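Protein chains: 4
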Amino acid sequence: MDKKLRVGVVGCGAIGREHIKRITHKIAAAEVVAVTDVFEDSAKKAAALCGARIEPDSAALINAADVDAVLVTTPGFAHAEPVLQAVAAGKPVFCEKPLATTAADCKRIVDAEVAGGKQLVQVGFMRRYDKGYNQVKELLDSGDFGAPLLVKCTHRAAGVDDSYTTAMAVTDTAIHEIDVLQWLIGDVWDSAEVIYPRNTVNAHEGLKDPQLMLLRTKAGVVVALEVFVNCRFGYDINCEVVCEDGVIHMPAPSWPVVRKNGQLSTKIEDNWMRRFIDAYDTEIADWVDAALRGVVEGPTAWDGYVAELTADALVAAQTSGRVEPIVSGEKPAFYGR
Amino acid sequence: MDKKLRVGVVGCGAIGREHIKRITHKIAAAEVVAVTDVFEDSAKKAAALCGARIEPDSAALINAADVDAVLVTTPGFAHAEPVLQAVAAGKPVFCEKPLATTAADCKRIVDAEVAGGKQLVQVGFMRRYDKGYNQVKELLDSGDFGAPLLVKCTHRAAGVDDSYTTAMAVTDTAIHEIDVLQWLIGDVWDSAEVIYPRNTVNAHEGLKDPQLMLLRTKAGVVVALEVFVNCRFGYDINCEVVCEDGVIHMPAPSWPVVRKNGQLSTKIEDNWMRRFIDAYDTEIADWVDAALRGVVEGPTAWDGYVAELTADALVAAQTSGRVEPIVSGEKPAFYGR
Amino acid sequence: MDKKLRVGVVGCGAIGREHIKRITHKIAAAEVVAVTDVFEDSAKKAAALCGARIEPDSAALINAADVDAVLVTTPGFAHAEPVLQAVAAGKPVFCEKPLATTAADCKRIVDAEVAGGKQLVQVGFMRRYDKGYNQVKELLDSGDFGAPLLVKCTHRAAGVDDSYTTAMAVTDTAIHEIDVLQWLIGDVWDSAEVIYPRNTVNAHEGLKDPQLMLLRTKAGVVVALEVFVNCRFGYDINCEVVCEDGVIHMPAPSWPVVRKNGQLSTKIEDNWMRRFIDAYDTEIADWVDAALRGVVEGPTAWDGYVAELTADALVAAQTSGRVEPIVSGEKPAFYGR
Amino acid sequence: MDKKLRVGVVGCGAIGREHIKRITHKIAAAEVVAVTDVFEDSAKKAAALCGARIEPDSAALINAADVDAVLVTTPGFAHAEPVLQAVAAGKPVFCEKPLATTAADCKRIVDAEVAGGKQLVQVGFMRRYDKGYNQVKELLDSGDFGAPLLVKCTHRAAGVDDSYTTAMAVTDTAIHEIDVLQWLIGDVWDSAEVIYPRNTVNAHEGLKDPQLMLLRTKAGVVVALEVFVNCRFGYDINCEVVCEDGVIHMPAPSWPVVRKNGQLSTKIEDNWMRRFIDAYDTEIADWVDAALRGVVEGPTAWDGYVAELTADALVAAQTSGRVEPIVSGEKPAFYGR
């Protein structure tokens, strides 16, 4: 284990610092050697966490000789530039989701990567590393359940602040299911529709909540996703896959079962970060491990592009009230089957 | 307990004989005194179960002086006539679902009953008597959960025979949810839509299975009902009500939890009649009890009419691919709020 | 259904009136024709429930020509006399548990019944009619689980009043498990022991609570029964049977599963009568049905005697701290295998 | 993160190599620099896993200048010597359970450590690092449940090989509960008893299985532990704590809930190593972290000594049939409260 992956971090906000702590304390095979941020204070705080030096900007950081790989944790609108710089530099780059905030920008990254001839980009869809989704995938892939036909999901959160918009139910919330379900059932999105049930009185003015999003794959699998971000009772992620020969329900993380006050109860998680903390750990550990082996194995730039396209279709469906097509085009052979 | 309700039964097939046995053996307050059927053999078998006499036809049976109340268990297409005869005779009549096979016939019964000035008809939607649905309704009615917003149901059966058609997924299967959910959430249907997910290979040729039916109420509550009649694993009725302040999931009947062969498992019922046997018992016992008190308290002729209208809309939606309106008109004051 | 079982009721307190209402309203095949009680007021109230006449005492009631069968619901110490009178009169008699308050009195009833040559007595151990226990028994009897080895039970109640004594944890509480478990596993008690864990501060002065009762059968099966009558959270009956090839856990009655306030929860019953209401109904209906066929099929006088002997051993063990033998002698062939 | 803990490993069998891989691949803050084993081949295999050098014996390894801390993973009988050597050298030492195979040897280690004046020894009771136990402990420590009164556990395994003896049900199996429960409820063992239920036919000749072990703490808490190592269905660890104000049941690791073949089921783990793999990871990571801070925070030598004493009492109780006292003496102030 002589060689460690030397990581440079672009963007030192909350999520960036989380990853820095993760790499520093939990991952034997990597170390953060350089950080950068447009806010100097943020960069200083981050550097103090890991003893890294501060670089003036993303170009300097990415091109530094001792930076083997890049982690991009800037705000979404500032993802595309450092990712393209890393691709140009031929260095592995992990970019938090979304890959970019427009499908066009995502496509530029895909094109640059394909032109470069080497897969370098991983997008931070951490749910693919969640134990529960992987247990479901293992059962689906076993063949014991036949083909998936219908998938029912919930993405519920106790509440949101007033800046949360109806469109963000797609771009911030459903985006996770958009990526993970396509991976889970091994299929490609074909169309999207949004249905608004009766609105909760607990949503702030103007926010449509809950929403029922319907996605269809090319093979005809229908996903019915409830997004409900003012459900009040907790952070509640469910996924049930109805197959030809059985139904699989993803488990929630386990908690003690308690008898008290006339009830048999278990806790529901209230916090998305705790809900997926293990998935974040595994995601980064696996990225480091693959980077040391010279490969990328997680969600690709193409996945990031497709997620963005699909989000666009859902947002369009939110206002059109119609079924909107999702046309992602042929996946480049470069990205495998 | 001197007075017993003297019941006449029109239609002596399987379901008729079940009810005759139920009344004879389980219900103290009633007895079957007369039966009739177009097939003499069926009538004889039924009469033998309870010591009743055989009447030549429904008119003779219904108008017999010692028949206090009528049970109609003929095939669906032969429901309207005896129900109308009972209404004309001013006698309480319990009619198995559907009330009639066309909305027009249902409306004729409603009109006759309203014209007669006395509520006499009960339709056999037994799920309203199921313990689980009533437990959910009690929680909903408690106000502790706020308004219902979205309801998710499954109506799954292990398999169906070759005579089962795509339309029957509505008229024979979803018909139960059509009635019980409107009652459960205390609202009125407004529109219907049907979405076809990828079809199971286990359905016989020409059958669309599973189907995702979407119903919307006037208050905007959306019901997403999965009908899947070749699910292979059992008879699996689920109902989850997403409310403003919490989510309620109806329980399945209880079975032992077993550890064996590397699994923790409970049984899933394989049989609709066993699944709802207690509901059937309660339904008839309550009907008898109400009839002795001179009232009808179960699902009304109006409910039967609305169910038929709603089924029509869903069947239309199955082929149109569109959202179909459900226009039931104003409920006559006669039927209460 | 011409013939009805004409029942006379001895003892018109709370439980007596419950059974009178049950027979009157729920059981087609029986009617209460006569009642008696040492308190005239109680008898009047009971008579008013069912239109029965009042008899001056148990002898008069039992020997009345129109009384086909007898229900004894006096206080426990007053069970033996009317049961013996019914046996002498050759009439079927249902006696609430316990059969009598001493093993000697139970034995007198057994001897009288055997001497009379006809089985007439049924003891009111209603748990044998509970759906959950019967589901477990069906699995045990299927042979799929091999022999039972170890049984773990809880008998928990939220609280008790100050008159409840340490011995009553056996005679009023564990008495139910004493009978039902022997029936469940088809075996005979051999010895008893009581262990006192740390006492709850919620018990009133002098009451040992919880208690861990250990019973052993002749085949060596060990039962570990937790009796905890100040558990505070509800009425919680559990039974887990560890077998050679698997473990079976009896279900609790089903309630909705609810998401609210950060918890996934179901209700725990708080009331023993509601917990076993269906079992009481079935118990009496089956007794009536058997009586009309001239037989007794429920718990016998012998079962009542063995339960009393076993309770004596447990009470002895409560103070001796030792393993106490349970010597019931050979079961008379009269009672079957 | 400059400084890494340089670990020397004594004993390169299966469990030793597991820990070497764990430190090498999963723990950023440590590296294995030296290994030793009486079998040269084992040492070579282990060295190849991590690039460490081979030392001729435990003394050489422990006293090497570049070894900061020692991991002892020899067979149990060979634990005491290297642990004592590490204590003499003043180096932190992690010793797999048991600390030693006799209470006397454990006591020698305790005495040496106390004499040395610095806490250095940690014993490998990994369950204290299991998520489920910690969730239960957190609830117990919250005070919301009052005092624990009665604890019910199962330690079930699908099967064992023919070398497994009745005593090993204590020394290899129950030893885990002996340690973890005392920690969980914060109390000290006082006495032990073993009860043999009917024996399973699936045990090999001479093996008593299942066994019901009863442990009592000084505060009177009773633990009823079922050890059943031929349960056939899986590896099934349960722990239920009955408290004054509620009951807490430890969860099993989560698996998908599946509908198939007439059953609703989840998997039961079949493998102890997979069941506790996360606990092993956390245990070693925490030991490394504490060692770098110059402290020991896990199970102490005293805990190892008490576990051995308690196991001795249970083994004595297996043959005596009596309640055996557990006399551990006063805990040295050295080990904290």
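Chains as they are written, first to last, in the working numbering: chain Z, 1 to 337; chain R, 1 to 337; chain U, 1 to 337; chain D, 1 to 337.
Think of the CB as a built atom: it goes at the ideal place given N, C-alpha and C, for glycine as much as any other residue.
Just so it is clear, the structure is predicted and the values come from calculations on it, not from any experiment.
task: Below 8 Å CB to CB, which residues in the same chain sit around residue 305 of chain D once its five sequence neighbours on both sides are set aside?
output: What you label residue 305 of chain D is simply residue 305 of the fourth sequence in a count that begins at 1. Correct list, in chain order: 99, 103, 106, 107, 109, 110, 328.
- prompt: Straight-line CA distance for residue 175 of chain R to residue 50 of chain U?
  reply: Mapped onto the second sequence, residue 175 of chain R falls at position 175. Mapped onto the third sequence, residue 50 of chain U falls at position 50. If you take the alpha carbons of residue 175 of chain R and residue 50 of chain U, they lie about 41 Å apart.
message: Whole angstroms are fine: how far does the CA of residue 331 of chain U sit from the CA of residue 132 of chain D?
response: Locating residue 132 of chain D in the fourth sequence gives position 132, counting from the first residue. Locating residue 331 of chain U in the third sequence gives position 331, counting from the first residue. Whole-angstrom Cα-Cα distance: 49 Å.
message: Please report the distance separating the alpha-carbon of residue 212 of chain Z from that of residue 64 of chain Z.
response: For the purposes of this step, residue 212 of chain Z is taken as residue 212 along the first sequence, with counting starting at 1. For the purposes of this step, residue 64 of chain Z is taken as residue 64 along the first sequence, with counting starting at 1. Going by the C-alpha atoms only, they are around 47 Å apart.
- request: Kindly say whether residue 266 of chain D, judged by its beta-carbon, lies nearer than 8 Å to any beta-carbon of chain R.
  value: Taking the first residue of the fourth sequence as position 1, residue 266 of chain D is located at position 266. Chain R contact via Cβ: present.
message: Assuming contact is defined by CB atoms lying nearer than 8 Å, are residue 154 of chain R and residue 230 of chain R in contact in what I supplied?
response: Within the second sequence, residue 154 of chain R is the residue found at index 154, counting from 1. Within the second sequence, residue 230 of chain R is the residue found at index 230, counting from 1. Result no, Cβ atoms of residue 154 of chain R and residue 230 of chain R do not sit closer than 8 Å.
message: Taking DSSP's pairing of strands, which residues face residue 340 of chain Z in a bridge?
response: The question about residue 340 of chain Z has no answer, for chain Z in this structure spans 1 to 337.
Chain D within 8 Å of residue 46 of chain U, Cβ atoms only: Along the third sequence, one-based indexing puts residue 46 of chain U at 46. No - not a single Cβ of chain D is within 8 Å of the one on residue 46 of chain U.
- prompt: So what's residue 168 of chain D in DSSP terms, helix, strand or just coil?
  reply: Taking the first residue of the fourth sequence as 1, we reach residue 168 of chain D at position 168. In the structure shown, residue 168 of chain D sits in a helix (DSSP, three-state: H, G or I).
Cutoff 7 Å; reference residue 270 of chain R; Cβ partners in own chain excluding five residues on either side: The residue given as residue 270 of chain R occupies position 270 in the second sequence. If we look at residue 270 of chain R and ignore the five residues flanking it on each side, its Cβ neighbours are 158, 234, 235.
message: Determine whether the beta carbon atoms of residue 29 of chain Z and residue 292 of chain Z lie at a separation below 8 Å.
response: For this step, residue 29 of chain Z is matched to residue 29 along the first sequence. For this step, residue 292 of chain Z is matched to residue 292 along the first sequence. Yes, these two residues count as a Cβ contact at 8 Å.
task: Identify the continuous beta strand (DSSP E) that holds residue 255 of chain U and give its terminal residues.
output: On the third sequence, residue 255 of chain U is found 255 positions in, with the first residue counted as 1. No beta strand (DSSP E) holds residue 255 of chain U; DSSP gives it neither H nor E.
query: If you drop the 5 nearest sequence neighbours on each side, which residues of the same chain put their C-beta closer than 6 Å to that of residue 171 of chain U?
result: Numbered from 1 along the third sequence, position 171 holds the residue referred to as residue 171 of chain U. Closer than 6 Å at Cβ, skipping near neighbours: 311.
field: Helix, strand or coil at residue 276 of chain Z according to DSSP, with G and I counted as helix
entry: Counting from one through the first sequence, the residue named residue 276 of chain Z turns up at place 276. In the structure shown, residue 276 of chain Z sits in coil (DSSP, three-state: anything other than H, G, I, E or B).
- prompt: So is residue 221 of chain U in contact with chain R if we call contact Cβ pairs under 8 Å?
  reply: Residue numbering aside, residue 221 of chain U sits at position 221 when the third sequence is read from its first letter. Not flagged as an interface residue toward chain R: residue 221 of chain U, since no C-beta distance is shorter than 8 Å.
field: chain Z contact for residue 263 of chain U (CB, 8 Å cutoff)
entry: Locating residue 263 of chain U in the third sequence gives position 263, counting from the first residue. It does; some Cβ of chain Z falls within 8 Å.
- prompt: Which value, in whole angstroms, describes the spacing of the CA atoms of residue 308 of chain D and residue 101 of chain D?
  reply: Within the fourth sequence, numbered from 1, the residue matching residue 308 of chain D stands at position 308. Within the fourth sequence, numbered from 1, the residue matching residue 101 of chain D stands at position 101. In a straight line, the C-alpha of residue 308 of chain D is about 7 Å away from that of residue 101 of chain D.
- prompt: Is the CB of residue 333 of chain R under 8 Å away from at least one CB in chain Z?
  reply: Residue numbering aside, residue 333 of chain R sits at position 333 when the second sequence is read from its first letter. No, residue 333 of chain R lies away from the interface with chain Z (no Cβ there is under 8 Å from its Cβ).
query: Taking the alpha carbon of residue 264 of chain Z as the point to measure from, which residue in D:258, D:146, D:249 has its own alpha carbon closest?
result: On the first sequence, residue 264 of chain Z is found 264 positions in, with the first residue counted as 1. Checking every option, the nearest Cα to that of residue 264 of chain Z belongs to D:249.
- prompt: Three or more beta-carbon pairs under 8 Å between the segment 2 to 18 of chain U and the segment 122 to 137 of chain R, yes or no?
  reply: no
Separation of residue 3 of chain D from residue 317 of chain Z, as counted between CA atoms: Position 317 of the first sequence, counted from the first residue, corresponds to residue 317 of chain Z. Position 3 of the fourth sequence, counted from the first residue, corresponds to residue 3 of chain D. The alpha-carbon atoms of residue 317 of chain Z and residue 3 of chain D are separated by roughly 55 Å.
query: Does the beta-carbon of residue 1 of chain R have 16 or more other beta-carbons within 10 angstroms, so that it is buried, or is it exposed?
result: If you number the second sequence from 1, residue 1 of chain R lands on position 1. The predicted model places residue 1 of chain R with a pLDDT of 44, which falls under 50 and marks its position as unreliable; any figure quoted below should be read in that light. Classification for residue 1 of chain R: exposed.
query: Under a Cβ-count criterion, where at least 16 other Cβ atoms within 10 Å of its own Cβ denotes burial, should residue 325 of chain U be classed as buried or exposed?
result: The residue given as residue 325 of chain U occupies position 325 in the third sequence. Exposed.
query: So does the segment 25 to 44 of chain Z actually touch the segment 60 to 79 of chain Z, counting three or more Cβ pairs closer than 8 Å?
result: At 8 Å Cβ cutoff, the stretches touch.
message: Let me check one thing: in DSSP terms, what residues is residue 347 of chain R bridge-paired to?
response: Because chain R in this structure spans residues 1 to 337, residue 347 of chain R falls outside the shown range and cannot be described.
query: Between residue 245 of chain R and the rest of its own chain, which residues show a CB-CB distance below 8 Å, the 5 nearest in sequence each way excluded?
result: In the second sequence, the residue the question calls residue 245 of chain R occupies position 245. Exclusion of the five residues before and after residue 245 of chain R leaves 144, 145, 146 as the residues of its chain whose Cβ lies within less than 8 Å of its Cβ.
query: With DSSP run on the structure shown, which of helix, strand or coil describes residue 148 of chain Z?
result: Residue 148 of chain Z sits at position 148 when you count from the first residue of the first sequence. The answer is strand: DSSP assigns residue 148 of chain Z an E or B state.
- request: Just the chain U side, please: which residues come within less than 9 Å of residue 259 of chain Z by C-beta, in chain order?
  value: Position 259 of the first sequence holds residue 259 of chain Z. Going along chain U in sequence order, the residues near residue 259 of chain Z (Cβ under 9 Å) are 156, 231, 233, 234, 236, 268.
field: Proximity test, Cβ basis, 8 Å: residue 255 of chain D and chain Z
entry: Walking along the fourth sequence from the start, residue 255 of chain D turns up at place 255. By this cut-off, residue 255 of chain D is an interface position.
- prompt: What's the call for residue 92 of chain D, buried or exposed, on a 16-neighbour Cβ count within 10 Å?
  reply: Here residue 92 of chain D is taken as the residue at index 92 of the fourth sequence, counted from 1. Residue 92 of chain D is buried by the Cβ-count criterion.
Whole-Å CB distance - residue 180 of chain U paired with residue 127 of chain U, under 8 Å assumed: Taking the first residue of the third sequence as position 1, residue 180 of chain U is located at position 180. Taking the first residue of the third sequence as position 1, residue 127 of chain U is located at position 127. Confirmed, about 4 Å.
- prompt: Span of the alpha helix (DSSP H) holding residue 342 of chain R?
  reply: No answer is possible for residue 342 of chain R: the residues shown for chain R start at 1 and end at 337.
query: With DSSP run on the structure shown, which of helix, strand or coil describes residue 330 of chain U?
result: In the third sequence, residue 330 of chain U corresponds to position 330, counting from 1. It is coil, neither helix nor strand.
Residue 262 of chain R vs residue 45 of chain D beta-carbon contact at 8 Å: Taking the first residue of the second sequence as position 1, residue 262 of chain R is located at position 262. Taking the first residue of the fourth sequence as position 1, residue 45 of chain D is located at position 45. Taking 8 Å as the Cβ cut-off, residue 262 of chain R and residue 45 of chain D do not qualify as a contacting pair.
Whether residue 216 of chain Z touches residue 254 of chain Z by CB criterion (8 Å): Translated into positions along the first sequence, residue 216 of chain Z becomes position 216. Translated into positions along the first sequence, residue 254 of chain Z becomes position 254. No, they are not a contact pair.
query: Tell me, which residues are paired with residue 293 of chain D by DSSP?
result: Along the fourth sequence, read from residue 1 onward, the residue named residue 293 of chain D stands at position 293. Answer by DSSP bridge pairing: none, since residue 293 of chain D is not bridged.
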